[in-house]
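Visitor: Counted from 1, the sequence shown has number 290 at position 291 by numbering that gives the first Met the number 0; the numbering is strictly sequential. I'd like to ask you about the structure that follows.
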Amino acid sequence: MSRPTMLLVAIAAFVAGIASAYTWSSGATGDWLDAGWNDPNPVWDDTADAEIYSGTVNLTSTSRPTNKIHNVVMTPSGGSAILNISGDLHGQDLKFSDSSGTATINQTDGTVDMDGWMYLGSDSFAANTYNLDGGTWNSRGRAFYLGYNGNNAMEVNVDGGTLTHSYSGSGDSYFYVGSYNSTTGTLNLADGTVDVSVARMDVGHAASAIGTFNQTGGLFEFSGTGEFILGHWDDCVGTLNVSGGTNKILSATEPNVELGHTSGTTGILNQYGGLVDYTLNDLRIGEGGGSTGIVHQTDGTFKVHTSHRVYIGHWGTGTVNLDGGTMDISVDTETGIGHASSGRGTLNQTGGHFKFYGSDTLYVGHWDQAVGTINISGGTNEIDSAKSSGIRLGYTSGTKGVVNLSGGLLDYKATYFIVGQSGTGVVNQTGGRFELPTLVLANNSDGTGSYTISGGSFDASSYIDIKHAGSTFVVDGSGADSIETGWVLGQGGTLRFNLDAGGATPIEAGDDGVVLTNMTLEVDTLAGFSTEIGMAYDLIWTASTNGFNTNDLVFVDKSGTGFECRIVEKNGGQELQALVAGRTPSERWSIDYGLTGDDALAGADPDGDGVDNLCEYAFGGDPTNAANRGIASSCGIVDSGGTNWLEYVYPKRSALDSGLTYYLELTDDLIYHGWTNGGYTVEGVGTINADFDAVTNRVPTMTDERFVRLIIEE
Numbered sequence: 000m001s002r003p004t005m006l007l008v009a010i011a012a013f014v015a016g017i018a019s020a021y022t023w024s025s026g027a028t029g030d031w032l033d034a035g036w037n038d039p040n041p042v043w044d045d046t047a048d049a050e051i052y053s054g055t056v057n058l059t060s061t062s063r064p065t066n067k068i069h070n071v072v073m074t075p076s077g078g079s080a081i082l083n084i085s086g087d088l089h090g091q092d093l094k095f096s097d098s099s100g101t102a103t104i105n106q107t108d109g110t111v112d113m114d115g116w117m118y119l120g121s122d123s124f125a126a127n128t129y130n131l132d133g134g135t136w137n138s139r140g141r142a143f144y145l146g147y148n149g150n151n152a153m154e155v156n157v158d159g160g161t162l163t164h165s166y167s168g169s170g171d172s173y174f175y176v177g178s179y180n181s182t183t184g185t186l187n188l189a190d191g192t193v194d195v196s197v198a199r200m201d202v203g204h205a206a207s208a209i210g211t212f213n214q215t216g217g218l219f220e221f222s223g224t225g226e227f228i229l230g231h232w233d234d235c236v237g238t239l240n241v242s243g244g245t246n247k248i249l250s251a252t253e254p255n256v257e258l259g260h261t262s263g264t265t266g267i268l269n270q271y272g273g274l275v276d277y278t279l280n281d282l283r284i285g286e287g288g289g290s291t292g293i294v295h296q297t298d299g300t301f302k303v304h305t306s307h308r309v310y311i312g313h314w315g316t317g318t319v320n321l322d323g324g325t326m327d328i329s330v331d332t333e334t335g336i337g338h339a340s341s342g343r344g345t346l347n348q349t350g351g352h353f354k355f356y357g358s359d360t361l362y363v364g365h366w367d368q369a370v371g372t373i374n375i376s377g378g379t380n381e382i383d384s385a386k387s388s389g390i391r392l393g394y395t396s397g398t399k400g401v402v403n404l405s406g407g408l409l410d411y412k413a414t415y416f417i418v419g420q421s422g423t424g425v426v427n428q429t430g431g432r433f434e435l436p437t438l439v440l441a442n443n444s445d446g447t448g449s450y451t452i453s454g455g456s457f458d459a460s461s462y463i464d465i466k467h468a469g470s471t472f473v474v475d476g477s478g479a480d481s482i483e484t485g486w487v488l489g490q491g492g493t494l495r496f497n498l499d500a501g502g503a504t505p506i507e508a509g510d511d512g513v514v515l516t517n518m519t520l521e522v523d524t525l526a527g528f529s530t531e532i533g534m535a536y537d538l539i540w541t542a543s544t545n546g547f548n549t550n551d552l553v554f555v556d557k558s559g560t561g562f563e564c565r566i567v568e569k570n571g572g573q574e575l576q577a578l579v580a581g582r583t584p585s586e587r588w589s590i591d592y593g594l595t596g597d598d599a600l601a602g603a604d605p606d607g608d609g610v611d612n613l614c615e616y617a618f619g620g621d622p623t624n625a626a627n628r629g630i631a632s633s634c635g636i637v638d639s640g641g642t643n644w645l646e647y648v649y650p651k652r653s654a655l656d657s658g659l660t661y662y663l664e665l666t667d668d669l670i671y672h673g674w675t676n677g678g679y680t681v682e683g684v685g686t687i688n689a690d691f692d693a694v695t696n697r698v699p700t701m702t703d704e705r706f707v708r709l710i711i712e713e
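Below is the structure:
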């Protein structure tokens, strides 16, 4: 008798474990406990599935299942279905499905507790909506898929109440807006609260999915243990639009926020108002190689505090556009605009207030061929750092950092602004105002740093350091309002002034003076420049009465105008000027070779090769190199028409303003007869190179003796 009893018990247990599916497919409208279900006496327990095919079901505080049920499935095989919730519902999974279905859940009150998975939109071409206007919707399963799979569109609208997603079980948990396979997921938050505290939240997860999160009000809070990602895998796109409310990421485990995670993905954050408040580990805009991350702010406050790093263009392309509002970034370690390898980072500011407070360095062009760019045309760009290194443009070899300032204010409060650490740094200022303590160009000997100013105002309260051979500071014309600094320190670079019709904006230094040792000072002219002998152009003024150290300074007139460098007393201090001294071309040539004093005289022979400076200039020689005496003349007998001629060919500078006159003189007798300029013919002029022509002369050979010499006059 015991064996049949045991069998009956086993069968009973098996039957109890089978889920019961109750369907509402009449197309009618009714309350949950009405007779709209296929079974007139449904048993609502944790094995019961509620499948709503068509019609409208009202779940109220008095018409609801009192126990936990299994699954709620909307339109499992087509139709149009609505579930109105104003009472409590406790279940396992919630599913929106079927390609031909149109399903809507409207919650105005009550508490919806779902302990399992949220499959919101799980088939192609479905259009599904969950409207939360009041009450609480708690999702406690491992995954929340808003737009799950297939080319469907799923929308969750929160206009009141609270949506939470949390998980306390083992393994990672997720909240995906736009999950897989070209699905479209949209989360709209206008009022109320969305609180997500799981391992990761993706807006645009994988396989060409499109995720969009629109926040016009309310509170969003993510306190997960992993990342918040806009645009995660496989050509997906994730967009966060914030125009009101508070969008907050705060977690004890400090996750990353990433915009564009892998190649082909795009993450976009548009802020039109409200507050974006992130406390996290890393902010990475353009994380993976080939990815794109964009932040565009026109209003509101974007506030970021990271315990580690901010990357704009980590391995991919990152762009931040600030047109208005306040962007407040506080970083505990490094920040990179164009961080590594293929990383390309750009900060474009046309307005608003950018505030960067870091305890480490802001790198623009950081590692491995990365390129970073900051473009400022308006607003205030305020950078403060507790670490003296401050900003570095072009940190390592092969990197490049660029700052273009055309308007607004760049207010730099850290100690050093380094342009070209070991890579390439470039600053172009055409307008705006730049305030900083110290500008360093080419901080290391392998760095290249250049600063060019043609407009706006510049104030380095401490000093300008033109440090190594790869450094160049250029004043381009007279368009800048002012160029001020405590003092100028040159240790091997180039200081260049390009003069326009108004000359050049002078550099004004303080009492510490100007040190231009082992440097090159260049003066050139721009279109519209005209001058006359005796005109002087101010280049650098110092308040010190004995403020210039010009040991080993090389002055180069790149224009050929005839400038020379001089220091005069002016306004209680000293002024370095470019004077139009009217030098001859040969004098300018001797300056180019560094000749000074007696060595620069026309008849001097500083290299001792037997050719004086005038002839070295006339023939293209090098007055500092005895092995280079220039282009030699040639002489020989030629037969033309049965007559012998003496042919003499000499080099002549081809420039019309060479300042030289070349001609021959002849005589038949070196003792009794004088030299005369005549008795020969110029047969032709050919080209030797870009600077010299060859002049061919013929002298008759009618007499027994004939002597020829070349005269060069200046």
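In this text, a Cβ means the ideal position worked out from N, Cα and C, and glycines have one as well.
Measure the C-alpha to C-alpha separation of Leu498 and Ala526 and round it to an integer number of angstroms.
Guide: On the sequence shown, residue 498 is found 499 positions in, with the first residue counted as 1. On the sequence shown, residue 526 is found 527 positions in, with the first residue counted as 1. Whole-angstrom Cα-Cα distance: 9 Å.
Visitor: Using the three-state DSSP reduction, which class does Ile539 fall into: helix, strand or coil?
Guide: As a first step, residue 539 must be located in the sequence shown, where it is residue number 540. In this structure, Ile539 counts as strand in the three-state DSSP scheme.
Visitor: Taking just the CA atoms, how far does Gly120 sit from Ala152?
Guide: Within the sequence shown, the letter at position 153 stands for residue 152. Within the sequence shown, the letter at position 121 stands for residue 120. In a straight line, the C-alpha of Ala152 is about 7 Å away from that of Gly120.
Visitor: Enumerate in chain order the residues of its own chain whose CB-to-CB distance from Asp33 is below 8 Å, with the five nearest sequence positions on each side excluded.
Guide: Mapped onto the sequence shown, residue 33 falls at position 34. Excluding sequence neighbours, Asp33 sits near Ser62.
Visitor: Ile81 to Glu50, Cα distance in whole Å?
Guide: As a first step, residue 81 is located in the sequence shown; it is residue number 82 there, counting from the start. As a first step, residue 50 is located in the sequence shown; it is residue number 51 there, counting from the start. Straight-line Cα distance between these residues: approximately 12 Å.
Visitor: Please state if the CB of Gly448 and the CB of Gly407 are separated by a distance shorter than 8 Å.
Guide: Locating residue 407 in the sequence shown gives position 408, counting from the first residue. Locating residue 448 in the sequence shown gives position 449, counting from the first residue. Their beta carbons are not under 8 Å apart, which means Gly407 does not touch Gly448 by this criterion.
Visitor: If Gly109 sits next to Gly86, beta carbons under 8 Å apart, how far is it from one beta carbon to the other, in whole angstroms?
Guide: Translated into positions along the sequence shown, residue 109 becomes position 110. Translated into positions along the sequence shown, residue 86 becomes position 87. Correct: roughly 4 Å between the Cβ atoms.
Visitor: According to the neighbour-count rule (16 or more other Cβ atoms, all chains shown, within 10 Å of its Cβ), is His231 buried or exposed?
Guide: Within the sequence shown, the letter at position 232 stands for residue 231. Burial call: buried.
Visitor: If we require 4 or more residues per run, which alpha helix (DSSP H) segments fall completely within the region 332-387?
Guide: none
Visitor: Taking only the alpha-carbon atoms, compute the straight-line gap between Ser387 and Thr305 and give it to the nearest angstrom.
Guide: Against the sequence shown, residue 387 aligns to sequence position 388. Against the sequence shown, residue 305 aligns to sequence position 306. Since pLDDT at Ser387 reaches only 45, below the 50 mark, its modelled position is unreliable, and no value is offered.
Visitor: In terms of DSSP beta bridges, what is Lys399 paired with?
Guide: By 1-based counting over the sequence shown, the position of residue 399 is 400. Note: Lys399 sits in a beta bridge opposite Val370 and Thr423.
Visitor: Suppose you measure from the CA of Thr519 to the CA of Asp598; what does that come to, to the nearest Å?
Guide: Counting from one through the sequence shown, the residue named residue 519 turns up at place 520. Counting from one through the sequence shown, the residue named residue 598 turns up at place 599. Distance between the alpha carbons of Thr519 and Asp598 is about 21 Å.
Visitor: From which residue to which residue does the alpha helix (DSSP H) around Ser85 run?
Guide: On the sequence shown, residue 85 is found 86 positions in, with the first residue counted as 1. Ser85: not part of any alpha helix (DSSP H); DSSP gives it neither H nor E.
Visitor: Are the region 503-523 and the region 476-493 in contact at 8 Å, needing three or more beta carbon pairs?
Guide: yes
Visitor: Can you list, in chain order, the stretches of the alpha helix (DSSP H) that have 4 or more residues and sit fully within the region 549-627?
Guide: 584-591 and 612-618
Visitor: Is Asn570 buried or exposed, if buried means 16 or more other CB atoms sit within 10 Å of its CB?
Guide: The residue labelled residue 570 in the question sits at position 571 within the sequence shown. So Asn570 counts as exposed.
Visitor: DSSP puts Arg740 in a beta bridge; with which residues?
Guide: This structure gives no information on residue 740, because the portion of the chain shown stretches from 0 to 713.
Visitor: Less than 8 Å separating the beta-carbons of Val684 and Val694?
Guide: Against the sequence shown, residue 684 aligns to sequence position 685. Against the sequence shown, residue 694 aligns to sequence position 695. Going by C-beta atoms, Val684 is nearer than 8 Å to Val694.
Visitor: Within its chain, find whatever has a CB closer than 6 Å to the CB of Glu154; leave out the 5 residues flanking it on each side and keep chain order.
Guide: Translated into positions along the sequence shown, residue 154 becomes position 155. Excluding sequence neighbours, Glu154 sits near Thr128 and Thr185.
Visitor: Could you compute how far the alpha carbon of Trp366 sits from the alpha carbon of Val236?
Guide: Within the sequence shown, numbered from 1, the residue matching residue 366 stands at position 367. Within the sequence shown, numbered from 1, the residue matching residue 236 stands at position 237. Computed Cα separation, rounded: 27 Å.
Visitor: The beta strand (DSSP E) spanning Thr516 covers which residue range?
Guide: Translated into positions along the sequence shown, residue 516 becomes position 517. First-last for Thr516: undefined, no H or E at that position.
Visitor: Which ranges would you report for the beta strand (DSSP E) in the region 208-261 if only whole runs of at least 3 residues count?
Guide: 209-214, 218-221, 227-229, 236-241, 245-249 and 256-258
Visitor: Below 8 Å, can you find three or more Cβ-Cβ pairs linking the region 598-618 to the region 664-682?
Guide: no
Visitor: I need the DSSP call for Tyr450, collapsed to helix, strand or coil.
Guide: Counted from its first residue, the sequence shown places residue 450 at position 451. Here Tyr450 sits in strand by DSSP.
Visitor: When the Cα atoms are used, what is the spatial distance from Ala198 to Ser172?
Guide: On the sequence shown, position 199 is the one that residue 198 refers to. On the sequence shown, position 173 is the one that residue 172 refers to. C-alpha separation (whole angstroms): 5 Å.
Visitor: Relative to the alpha-carbon of Arg705, which residue among Val330, Ser341 and Glu646 has its alpha-carbon at the smallest distance?
Guide: Here residue 705 is taken as the residue at index 706 of the sequence shown, counted from 1. Arg705 has its Cα closest to that of Glu646, out of Val330, Ser341 and Glu646.
Visitor: Return the Cβ separation of Gly292 and Ser262 in integer angstroms, given the expectation that the two are a contact with Cβ distance under 8 Å.
Guide: As a first step, residue 292 is located in the sequence shown; it is residue number 293 there, counting from the start. As a first step, residue 262 is located in the sequence shown; it is residue number 263 there, counting from the start. Between Ser262 and Gly292 the Cβ distance is about 12 Å, and since that is not below 8 Å, they are no contact.
Visitor: How many whole angstroms separate the CB atoms of Gly159 and Gly133, which I take to be in contact at a CB cut-off of 8 Å?
Guide: In the sequence shown, the residue the question calls residue 159 occupies position 160. In the sequence shown, the residue the question calls residue 133 occupies position 134. Between Gly159 and Gly133, the beta carbon gap of about 5 Å places them in contact (Cβ cut-off 8 Å).
Visitor: Contact check, Lys557 vs Val579 under 8 Å by CB: the rounded distance?
Guide: To locate residue 557, count along the sequence shown from 1; it is residue 558. To locate residue 579, count along the sequence shown from 1; it is residue 580. About 14 Å separates the two Cβ atoms, so there is no contact after all.
Visitor: Given that a residue counts as buried once 16 or more other Cβ atoms are within 10 Å of its Cβ, and exposed if not, what is Trp674?
Guide: Here residue 674 refers to the residue found at position 675 of the sequence shown. Exposed.
Visitor: Quick one: residues in its chain with C-beta nearer than 6 Å to the C-beta of Ile382, no 5 flanking neighbours on either side, listed in chain order?
Guide: Walking along the sequence shown from the start, residue 382 turns up at place 383. Taken in chain order, the residues that qualify are Phe355 and Tyr411.
Visitor: Do you know whose CA, among Ile104, Asp122, Ser165 and Thr372, lies nearest Val157's CA?
Guide: For the purposes of this step, residue 157 is taken as residue 158 along the sequence shown, with counting starting at 1. If we check each option's Cα against that of Val157, Ile104 comes out closest.
Visitor: Please report the distance separating the alpha-carbon of Gly16 from that of Gly54.
Guide: Numbered from its first residue, the sequence shown carries residue 16 at position 17. Numbered from its first residue, the sequence shown carries residue 54 at position 55. Low local confidence applies: a pLDDT of 45 at Gly16 is under 50, so the model's placement there is unreliable, and no value is given.
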